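Novice: Can you keep this structure in mind? I'll have questions shortly.
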Amino acid sequence: GQNIDQPTEMTATEGAIVQINCTYQTSGFNGLFWYQQHAGEAPTFLSYNVLDGLEEKGRFSSFLSRSKGYSYLLLKELQMKDSASYLCAVRRRRALTFGSGTRLQVQP
Amino acid sequence: GAVVSQHPSWVICKSGTSVKIECRSLDFQATTMFWYRQFPKQSLMLMATSNEGSKATYEQGVEKDKFLINHASLTLSTLTVTSAHPEDSSFYICSARAGEASGFTSNEQFFGPGTRLTVL
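Residue numbers (my numbering), protein chains in the order written: chain V, 137 to 244; chain L, 6 to 125.
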């Protein structure tokens, strides 16, 4: 089976940096994804890691350590529109298993 | 870009009726489509994996006779909720994985906008 853990809620200030952690236990690991989801909408793709290290894409970066079963999503220069749920998802073979999501609230 | 559409975007039905939800890949061929369900304030739960021209693979605990999946072409998969009951009310989201021939990497999975089902 798979077990994916991430914090339920986080709060940060506009303009700041926030790191959302995700730990996982799985067999047959085939990549880790981060998605952003606003309330009532479908998830949108943010990042993908399959090898150890940091992937940077604009204000968003994602890190993976396969040996530790650990990933984080780093959001820089936070904006109010970044208030959303952030979903960590692990791929095993073809299907994704999602964590419960972290609700991020950005405050002025 | 890769666009996935779902129809309808929302539906309200009476208990005991059946509801069909369509998922279409608009500008690429989807070798595999996935159906998820999401209850309020919860994460997405994979219901089934659908491959074009073959039977869907259902996750443990998902009734295949209640949630009928048909993937008749490389651009269309349908989910039919049969004899819907109030507990089936949820947000149903499909995603599509493009084949290599479509020009996308196998890493990419594109989500539809979701269908909100309310069963009275």
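We put the CB at the ideal spot given by N, CA and C, even for glycine. All figures in this text were calculated on a predicted structure; none of them were measured in a lab.
(1) At a CB-CB cut-off below 7 Å, which residues of chain V make contact with Leu-102 (chain L)?
(2) Just to confirm my understanding: we take Phe-116 (chain L), look at its own chain, exclude 5 residues before and 5 after, and list those with CB closer than 7 Å. What are they?
(3) Would you mind sorting Asp-188 (chain V) into buried or exposed? The rule is 16 or more other CB atoms within 10 Å of its CB.
(4) In the DSSP assignment, what are the bridge partners of His-12 (chain L)?
(5) Going by the DSSP bridge assignment, what does Met-38 (chain L) pair with across the sheet?
(6) Helix, strand or coil for Lys-217 (chain V), going by three-state DSSP, please let me know.
(7) Please classify Ile-17 (chain L): is it buried, with 16 or more other beta-carbons within 10 angstroms of its beta-carbon, or exposed?
(8) To be precise: take each residue of the region 48 to 79 of chain L, compare its Cβ to all Cβ atoms of chain V, and keep it if any distance is under 7 Å. Which residues remain?
(9) Could you run through the region 6 to 37 of chain L and flag, in chain order, every residue whose CB is less than 8 Å away from some CB of chain V?
(10) Would you say Pro-45 (chain L) faces chain V, with C-beta separation under 7 Å as the test?
(11) Distance cutoff 7 Å, beta carbons only. Does Ala-178 (chain V) sit that close to anything in chain L?
(12) Can you give me the start and stop residues for the beta strand (DSSP E) that Ala-77 (chain L) sits inside?
(13) Per the DSSP calculation, Ala-148 (chain V) is bridged to which residue(s)?
(14) Measuring alpha carbon to alpha carbon, tell me which residue in V:Thr-162, V:Gly-176, V:Gln-155, V:Gly-164 is nearest Trp-170 (chain V).
(15) From the DSSP output, which residues share a beta bridge with Phe-234 (chain V)?
(16) Between Gly-205 (chain V) and chain L, is any beta-carbon pair separated by less than 7 Å?
(17) Go to Arg-202 (chain V), then tell me how far its beta strand (DSSP E) extends in each direction, as first and last residue.
(18) Does DSSP put Glu-113 (chain L) in a helix, a strand or coil?
(19) Taking only three categories from DSSP, how would you classify Glu-68 (chain L)?
(20) What in chain L is Cβ-close to Phe-234 (chain V), meaning under 7 Å?
(21) Just how far apart, CA to CA, sit Thr-36 (chain L) and Lys-204 (chain V)?
Specialist: Well, looking at it:
(1) As a working mapping, residue 102 (chain L) is identified with position 97 in the second sequence. Checking the sequence, you will find Arg at residue 102 (chain L) rather than Leu. Against chain V, a Cβ distance below 7 Å from Arg-102 (chain L) picks out Arg-230.
(2) Working through the second sequence from its first residue, we reach residue 116 (chain L) at position 111. Here the set comprises Val-9, Ile-98, Ser-100.
(3) On the first sequence, residue 188 (chain V) is found 52 positions in, with the first residue counted as 1. Counting the other Cβ atoms within 10 Å of the Cβ of Asp-188 (chain V) gives fewer than 16, which makes it exposed.
(4) Residue numbering aside, residue 12 (chain L) sits at position 7 when the second sequence is read from its first letter. The partner list for His-12 (chain L) (beta bridge, DSSP) reads L:Glu-27.
(5) By one-based count along the second sequence, residue 38 (chain L) stands at place 33. Beta-bridge partners of Met-38 (chain L) (DSSP): L:Ser-55, L:Ala-101.
(6) If you number the first sequence from 1, residue 217 (chain V) lands on position 81. Residue state, collapsed to three classes: helix.
(7) Counting from one through the second sequence, the residue named residue 17 (chain L) turns up at place 12. Exposed, because fewer than 16 other Cβ atoms sit within 10 Å of the Cβ of Ile-17 (chain L).
(8) Listed in sequence order: Ser-48, Leu-49, Leu-51, Thr-54.
(9) For the region 6 to 37 of chain L, which is checked against every Cβ of chain V, the residues closer than 8 Å are Thr-37.
(10) In the second sequence, counting from the first residue as 1, residue 45 (chain L) sits at position 40. At a cut-off of 7 Å between C-beta atoms, Pro-45 (chain L) does not count as an interface residue with respect to chain V.
(11) As a working note, residue 178 (chain V) is residue 42 in the first sequence. True, the Cβ-Cβ gap to chain L drops below 7 Å.
(12) As a first step, residue 77 (chain L) is located in the second sequence; it is residue number 72 there, counting from the start. Residues 72 to 78.
(13) Counting from 1 along the first sequence, the entry for residue 148 (chain V) is found at position 12. In the DSSP output, where bridge partners are listed per residue, Ala-148 (chain V) has V:Val-242.
(14) Counting from 1 along the first sequence, the entry for residue 170 (chain V) is found at position 34. Cα-wise, what sits closest to Trp-170 (chain V) is V:Gln-155.
(15) Looking up residue 234 (chain V) in the first sequence gives position 98. In the DSSP output, where bridge partners are listed per residue, Phe-234 (chain V) has V:Ala-225.
(16) As a position in the first sequence, residue 205 (chain V) is number 69, starting the count at 1. Chain L contact via Cβ: absent.
(17) As a position in the first sequence, residue 202 (chain V) is number 66, starting the count at 1. It is not in any beta strand (DSSP E) - Arg-202 (chain V) carries neither H nor E in the DSSP assignment.
(18) In the second sequence, residue 113 (chain L) corresponds to position 108, counting from 1. Residue state, collapsed to three classes: coil.
(19) Numbered from its first residue, the second sequence carries residue 68 (chain L) at position 63. The DSSP-derived three-state label of Glu-68 (chain L) is coil.
(20) Along the first sequence, read from residue 1 onward, the residue named residue 234 (chain V) stands at position 98. The answer, in chain order, is Ser-48, Leu-49.
(21) Residue mapping note: residue 36 (chain L) aligns to position 31 of the second sequence, counting from 1. Residue mapping note: residue 204 (chain V) aligns to position 68 of the first sequence, counting from 1. Approximately 33 Å between the Cα atoms of the pair.
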